[in-house]
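**Q** So that we are looking at the same thing, I have put the structure below in structure tokens.
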Amino acid sequence: MSGRKDDFEELTVSEQSAAQIDVADSACVSGEVAMTKSGRLLNGNGEHTMAVSELHKSFGDTAVLRGVSLDFADEAVTTILGPSGTGKSVLIKHLVGLLEPDAGEVRVFGQDIWSISEAERYEIRKKMGVLFQDGALFGSMNIYDNVAFPLRKHTDMTEDAIAEAVMPAMQEVGLEAAMSRYPGELSGGMRKRAGFARALVTKPDVVLFDEPDSGLDPVRTSLLCDLILQVHREHGGTYLLVTHDISTAKKVSDYVGLIWKGEVVHYSGAEEAFASQDPFVRQFLAGDSAGPLGMD
Ligand SMILES: Nc1ncnc2c1ncn2[C@@H]1O[C@H](COP(=O)(O)OP(=O)(O)OP(=O)(O)O)[C@@H](O)[C@H]1O
Numbered sequence: 001m002s003g004r005k006d007d008f009e010e011l012t013v014s015e016q017s018a019a020q021i022d023v024a025d026s027a028c029v030s031g032e033v034a035m036t037k038s039g040r041l042l043n044g045n046g047e048h049t050m051a052v053s054e055l056h057k058s059f060g061d062t063a064v065l066r067g068v069s070l071d072f073a074d075e076a077v078t079t080i081l082g083p084s085g086t087g088k089s090v091l092i093k094h095l096v097g098l099l100e101p102d103a104g105e106v107r108v109f110g111q112d113i114w115s116i117s118e119a120e121r122y123e124i125r126k127k128m129g130v131l132f133q134d135g136a137l138f139g140s141m142n143i144y145d146n147v148a149f150p151l152r153k154h155t156d157m158t159e160d161a162i163a164e165a166v167m168p169a170m171q172e173v174g175l176e177a178a179m180s181r182y183p184g185e186l187s188g189g190m191r192k193r194a195g196f197a198r199a200l201v202t203k204p205d206v207v208l209f210d211e212p213d214s215g216l217d218p219v220r221t222s223l224l225c226d227l228i229l230q231v232h233r234e235h236g237g238t239y240l241l242v243t244h245d246i247s248t249a250k251k252v253s254d255y256v257g258l259i260w261k262g263e264v265v266h267y268s269g270a271e272e273a274f275a276s277q278d279p280f281v282r283q284f285l286a287g288d289s290a291g292p293l294g295m296d
């Protein structure tokens with residue numbers, strides 16, 4: 001059932017992408033880190049499950065993150081909104097250790113992940129589930145094997161134990177009837193759900209969603225949001241979504257941040273964000289062309 005390729009070079013681009021992020025999908029060890037429930041957000045010094053501080057990242061001459069500081073509320077769903085190209089995916093890649101900051105700190109489970117060894121960073125990544133934009137599924141594996149992949153790769157679980165973990169994840173996302181199909185045979189919404197099952201199968205304490213709504217119509221986006229909320233209600237965890245879709249943010253968020261040109265221009269509880277009179281927030285949420293947010 002595995003169909004797994006071991007040689008990275010032989011994989012397609014999409015499979016390489018999945019292989020790179022699969023390090024974030026592995027067995028979760030709950031309760032290792034004492035979590036604060038303070039809900040303190042911007043620039044706090046408290047130990048949240050996940051926080052970034054004065055994060056800077058440039059590619060060549062282009063400064064993408066310019067001093068981003070965010071505490072992500074534990075056991076809540078936070079959405080970071082922002083126009084395309086503003087650095088949202090780059091932020092997520094820092095949190096899972098796929099990109100190293102030029103300056104600043106990325107703290108996850110109480111550790112500055114760039115001041116520890118690669119082996120320690122790897123252990124932290126294993127406690128995080130990630131749903132990347134395209135689901136990052138292996139095209140050469142059926143859905144069951146895709147979801148089982150992190151368990152086969154990072155644990156010594158037997159196939160029976162793996163099935164016991166994979167089947168509930170499949171049921172949770174409503175894909176039990178499609179598990180022998182290949183990603184190329186699924187709709188975009190089904191691929192997202194398969195990616196979500198893959199992110200969930202290790203029961204991670206942290207789940208990151210990079211534009212979960214990308215490529216989905218409004219109804220499927222809404223259904224996926226319902227699913228995210230339902231799973232969060234059942235299992236808890238610290239969830240972070242990045243998106244430019246306001247309806248997604250309205251539906252799922254406990255907290256909302258807005259990033260513009262690599263800086264946080266707003267961060268608050270969701271209710272406050274959607275009622276905000278801040279000109280950046282108002283313009284973005286209203287989709288107005290007039291205002292402080294421009295094309296460049
Ligand atoms: N590895 C990289 N090398 C060079 N430039 C990069 C790299 N990764 C991201 N960038 C650039 O960083 C900027 C921010 O990209 P990012 O993908 O984070 O945007 P985003 O806010 O997620 O946008 P979208 O909503 O369109 O996905 C873009 O200009 C992008 O081209």
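Letter 263 of the sequence shown, counting from 1, is numbered 263 in UniProt numbering, and no numbers are missing. Glycine residues also receive a C-beta, built at the ideal position from the N, C-alpha and C atoms.
Which complete alpha helix (DSSP H) runs does the segment 155-225 hold, if anything under 4 residues is left out?
**A** Runs of the alpha helix (DSSP H) inside the segment 155-225: 159-172 and 188-200.
**Q** Near H244, what residues of its chain come up, given a Cβ to Cβ distance below 7 Å and the 5 sequence neighbours on each side ignored?
**A** L81, G82, P83 and S84
**Q** DSSP beta-bridge partners for F80?
**A** The residue asked about is misnamed: residue 80 is Ile in this sequence, not Phe. I80 pairs with V242 and G257.
**Q** How far does the beta strand (DSSP E) with K126 in it reach, from first residue to last?
**A** Run containing K126: none; DSSP gives neither H nor E here.
**Q** Compute the beta-carbon to beta-carbon distance between E54 and A103, rounded to the nearest angstrom, for a pair I have assumed lies under 8 Å.
**A** Contact holds; Cβ gap of about 7 Å.
**Q** My assumption, with CB atoms under 8 Å, is that M157 sits in contact with M170. Please give the rounded CB distance.
**A** The Cβ separation is near 16 Å, so there is no contact.
**Q** Is V64 close to ligand 1? I mean its beta-carbon at under 6 Å from any heavy atom of the ligand.
**A** yes
**Q** Check A286 in the structure and name its three-state DSSP category.
**A** helix
**Q** By a C-beta neighbour count over all protein chains shown, 10 Å radius and 16 as the cutoff for buried, is A165 buried or exposed?
**A** Buried.
**Q** Taking the CB atoms as reference points, tell me whether T78 and L293 lie closer together than 7 Å.
**A** no
**Q** Assuming the contact rule is C-beta atoms closer than 8 Å, S276 and H266 should be a hit. Round their C-beta distance to whole Å, please.
**A** In this structure, S276 and H266 form a Cβ contact; the two beta carbons are roughly 6 Å apart against a cut-off of 8 Å.
**Q** Based on Cα-Cα distance, which residue from K153, E263 and F132 lies nearest to V52?
**A** E263
**Q** What residues match up with K57 in a beta bridge as DSSP calls it?
**A** K57 has L65 as its beta-bridge partners, per DSSP.
**Q** Quick one: complete alpha helix (DSSP H) runs, 4+ long, within the segment 84-134?
**A** Within the segment 84-134, the complete alpha helix (DSSP H) runs of at least 4 residues fall at 88-95 and 118-125.
**Q** Can you give me the Cβ contacts of G184 inside the same chain, cut-off strictly under 7 Å, excluding the 5 residues immediately before and after it?
**A** G139
**Q** Under 6 Å Cβ to Cβ from A148, same chain only, skipping five residues before and after it: list those, please.
**A** I162 and V166
**Q** Does the segment 187-197 come close enough to the segment 205-217 that 3 or more CB-CB pairs lie under 8 Å?
**A** Yes, they touch.
**Q** So the candidates are D71, H48, I92 and E211; which of them puts its Cα closest to the Cα of V64?
**A** It is I92 whose Cα lies nearest to the Cα of V64.
**Q** Look up A51 in the DSSP assignment and give the residues it is bridged to.
**A** D71 and R107
**Q** Just checking: is the beta-carbon of A169 within a distance shorter than 7 Å of some beta-carbon in chain B?
**A** In the displayed structure, chain B is absent; only one protein chain is listed.
**Q** For the candidate residues L99, L98 and R125, whose alpha-carbon lies nearest to that of Q111?
**A** R125
**Q** Roughly how many angstroms separate the alpha carbons of S247 and S222, rounded to a whole number?
**A** 8 Å
**Q** Between V108 and H94, is the Cβ-Cβ spacing less than 7 Å?
**A** no
**Q** Are the Cβ atoms of F132 and D74 separated by less than 7 Å?
**A** no
**Q** Pull the bridge partners of V265 from the DSSP assignment, please.
**A** DSSP output for V265 lists no bridge partner at all.
**Q** With A136 and T238 assumed to form a contact (beta carbons below 8 Å), what rounded beta-carbon distance in angstroms separates them?
**A** Not confirmed; about 21 Å, so no contact.
**Q** Taking all protein chains shown into account, do 16 or more other C-beta atoms lie within 10 angstroms of the C-beta of F196, making it buried, or fewer, making it exposed?
**A** buried
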